[in-house]
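First residue of the sequence shown: 1, per UniProt numbering; consecutive thereafter.
For each residue, glycine too, the CB sits at the ideal point set by N, CA and C.
This structure is a prediction, so every number in the text was calculated from the model and none was measured.
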Amino acid sequence: MPITPDTSLPQPGPAAAQHSARLIEAIHREIADQGGWISFARYMELALYAPGLGYYTAGAHKFGEAGDFITAPELSPLFGRTLARQVAQIMEESAPHILELGAGSGKLAVDMLGELERLGRLPDSYCILEVSADLRARQQALIGQCLPHLLGRVHWLDALPEQVKGAVVANEVLDALPVHLVRWQDSALSEIGVALDESGFVRVERAIADAQLLQAAQQIKVPDNYVSEICLAARGLVTSLACRLTQGTLLFIDYGFGAREFYHPQRLNGTLMCHYRHRAHDDAFFLPGLQDITAHVNFTDIAETGIDAGLELSGYTSQAFFLINNGIADLMVETSPEDLRAYLPLSAQLQKLTSPAEMGELFKVIALSKNRANPLSGFARGDFSRLL
1 MPITPDTSLP QPGPAAAQHS ARLIEAIHRE IADQGGWISF ARYMELALYA PGLGYYTAGA
61 HKFGEAGDFI TAPELSPLFG RTLARQVAQI MEESAPHILE LGAGSGKLAV DMLGELERLG
121 RLPDSYCILE VSADLRARQQ ALIGQCLPHL LGRVHWLDAL PEQVKGAVVA NEVLDALPVH
181 LVRWQDSALS EIGVALDESG FVRVERAIAD AQLLQAAQQI KVPDNYVSEI CLAARGLVTS
241 LACRLTQGTL LFIDYGFGAR EFYHPQRLNG TLMCHYRHRA HDDAFFLPGL QDITAHVNFT
301 DIAETGIDAG LELSGYTSQA FFLINNGIAD LMVETSPEDL RAYLPLSAQL QKLTSPAEMG
361 ELFKVIALSK NRANPLSGFA RGDFSRLL
């Protein structure tokens with residue numbers, strides 16, 4: 001099943017094109033080594049995380065105006081400052097430690113630490129699990145520049161620690177985990193993978209060989225001739241965190257839906273999306289290594305996986321409700337409306353973070369806890385648990 005290239009997308013410069021060509025060659029070798037076919041999950045893993053070549057492991061700018069997309073921390077300091085208030089409550093009821101997964105540019109860490117310092121509730125340690133050496137260096141540089149006196153509290157990890165206590169924060173992490181593509185057709189199931197022909201990468205279907213994937217696909221009820229994603233990697237991450245968490249809360253913030261909406265009959269082709277220079281499209285084979293590849297999060301799967309692993313669902317709501325519940329409007333009061341140069345940009349940022357037409361409704365927040373009982377402030381109003 002070949003994909004027709006989108007010729008309207010911007011073309012890269014010579015150096016970037018050569019970088020993508022090197023990754024394409026590496027994926028070609030992988031396909032050849034595996035007998036001519038790899039799962040889409042493996043292709044996505046290589047495209048995003050191949051050492052030194054993948055989108056997240058190479059050196060191109062990814063976040064902000066100069067990158068391919070803008071995340072909430074890049075959009076406004078209000079996001080990290082408000083999130084810090086929820087994290088402070090979690091630490092108070094568990095332990096004064098924060099673990100951030102995939103810290104991007106480091107902007108969220110800067111904003112959270114700055115706000116926690118203002119509140120007098122700094123953590124004893126702020127650990128960052130980052131697989132990209134390039135992003136780790138950028139995070140270290142930004143934190144060192146903005147909060148040099150707090151740099152000693154920040155530690156970078158190569159793998160999950162054996163024990164986790166306190167608050168775990170993952171903003172737009174789950175959507176970047178590799179997904180399997182499955183087709184439901186004529187009461188049969190097949191996995192869509194990646195092979196090669198004379199034009200390059202092509203999608204080729206095979207019977208599902210992975211027992212875990214097959215079991216997951218058999219439990220999903222969708223119309224005939226339906227294609228969608230199953231993220232076994234997200235299940236693995238949540239289970240690993242649950243096994244390590246002794247007391248505290250996992251906070252996942254991402255775009256996605258509950259299972260009923262995720263596998264809605266009208267969503268026949270799934271949720272896979274690519275981002276390149278602030279343009280969204282669906283060609284996952286376009287310039288591997290230079291574009292982001294994502295899929296929406298099935299939050300029902302995240303909740304059920306956490307509960308099965310011994311966690312408790314502490315809340316599920318929209319980003320808008322979560323930020324409002326944690327006092328984002330109170331932070332706006334600190335800036336006088338008469339100071340138009342400062343107030344107007346913050347007001348516009350607040351609108352983007354909370355408006356249903358922007359990030360407010362598409363992005364959700366889910367909290368999974370262990371050995372803590374008090375209600376979390378971020379879920380005081382706007383409970384979306386019925387949608388899971």
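CB-CB length for residue i against residue j, believed under 8 Å
i	j	result
Lys370	Leu311	6 Å
Val353	Leu323	Note on identity: in this sequence residue 353 is Leu, with Val being the wrong assignment. About 6 Å separates the two Cβ atoms, so the contact holds.
Ala41	Val227	Not really, about 14 Å apart at Cβ, beyond 8 Å.
Leu129	Leu157	5 Å
Ala303	Leu313	5 Å
Ile366	Tyr316	5 Å
Ala72	His19	The Cβ separation is near 28 Å, so there is no contact.
Ser132	Tyr56	5 Å
Leu113	Leu83	The pair is not a contact, with the Cβ atoms about 11 Å apart (cut-off 8 Å).
Glu115	Arg81	4 Å
Val297	Asp383	Contact doesn't hold; Cβ gap of about 18 Å is too wide.
Ala259	Asp301	7 Å
Ala170	Gly248	Contact doesn't hold; Cβ gap of about 13 Å is too wide.
Coil, strand or helix - residue i by DSSP
i	result
Glu229	strand
Tyr56	coil
Ala66	Legend: pLDDT at Ala66 = 49, less than 50; position of this residue unreliable, no value from coordinates given.
Val87	helix
Leu286	A quick correction: the sequence has Phe, not Leu, at residue 286. Correct three-state label for Phe286: coil.
Ile198	At residue 198 the sequence reads Glu, which differs from the Ile that was named. The answer is coil: DSSP assigns Glu198 none of H, G, I, E or B.
Ile208	coil
Ser318	strand
Arg381	coil
Leu157	strand
Leu311	coil
Val365	strand
Met112	helix
Ala357	coil
Leu135	helix
Ala242	helix
Leu9	coil
Leu388	coil
Arg118	helix
Asn326	coil
Ala141	helix
Ala103	coil
Gly80	helix
Thr4	Only weak support is given to the placement of Thr4: the predicted model assigns it a pLDDT of 45, under 50, and the value that follows is read from those uncertain coordinates. Note: Thr4 maps to coil in three-state DSSP.
Glu304	helix
Gly236	helix
Glu261	helix
Glu92	helix
N-terminal and C-terminal residue of the alpha helix (DSSP H) that residue i is part of
i	result
Ser20	14–33
Ser187	Per DSSP, Ser187 belongs to no alpha helix (DSSP H) and is neither H nor E.
Leu177	From DSSP, Leu177 is part of no alpha helix (DSSP H); its letter is neither H nor E.
Arg372	Unbroken run through Arg372: none, as it is neither H nor E.
Thr335	Premise fails: Thr335 is in no alpha helix (DSSP H) and is neither H nor E.
Ala342	340–354
Pro148	Pro148 -> no alpha helix (DSSP H), and no H or E assigned at all.
Glu74	72–75
Host beta strand (DSSP E) of residue i (start-end)
i	result
Leu250	245–257
Tyr49	No beta strand (DSSP E) holds Tyr49; the alpha helix (DSSP H) holding it covers 40–49.
Lys221	No beta strand (DSSP E) contains Lys221, which DSSP labels as neither H nor E.
Arg267	Run containing Arg267: none; DSSP gives neither H nor E here.
Arg279	279–281
Residue(s) in a DSSP beta bridge with residue i
i	result
Met273	Thr294
His97	Ser125
Asn171	Ile253
Gly166	Gly248
Arg203	Val194
| query | How about the segment 278–297 and the segment 352–361: do they share at least three Cβ pairs that are nearer than 8 Å? | reply | Segments in contact, no.
| task | Please determine if the segment 207–215 and the segment 257–268 are in contact, where contact requires at least 3 C-beta pairs separated by less than 8 Å. | result | At 8 Å Cβ cutoff, the stretches do not touch.
| query | Below 8 Å, can you find three or more Cβ-Cβ pairs linking the segment 80–95 to the segment 149–168? | reply | With three or more CB-CB distances shorter than 8 Å, the segment 80–95 counts as touching the segment 149–168.
| Is there contact here, the segment 222–241 with the segment 181–199, by at least three beta-carbon pairs under 8 Å? | In short, these stretches touch, since the Cβ pair count reaches three.
| Stretch-stretch touch, CB-based, cutoff 8 Å, three pairs: the segment 332–348 with the segment 279–286 | The segment 332–348 vs the segment 279–286: no contact.
| field | contact_flag[the segment 97–111, the segment 135–147] where n(CB pairs < 8 Å) is 3 or more | value | At 8 Å Cβ cutoff, the stretches touch.
| query | Are the segment 188–199 and the segment 117–134 touching by the rule of at least three beta carbon pairs closer than 8 Å? | reply | Between the segment 188–199 and the segment 117–134, the count of Cβ pairs shorter than 8 Å is below three; the stretches do not touch.
| Would you call the segment 267–282 and the segment 21–37 in contact, with 3 or more CB pairs under 8 Å? | Two segments are said to touch when three or more pairs of C-beta atoms, one from each, lie closer than 8 Å; by this definition the segment 267–282 does not touch the segment 21–37.
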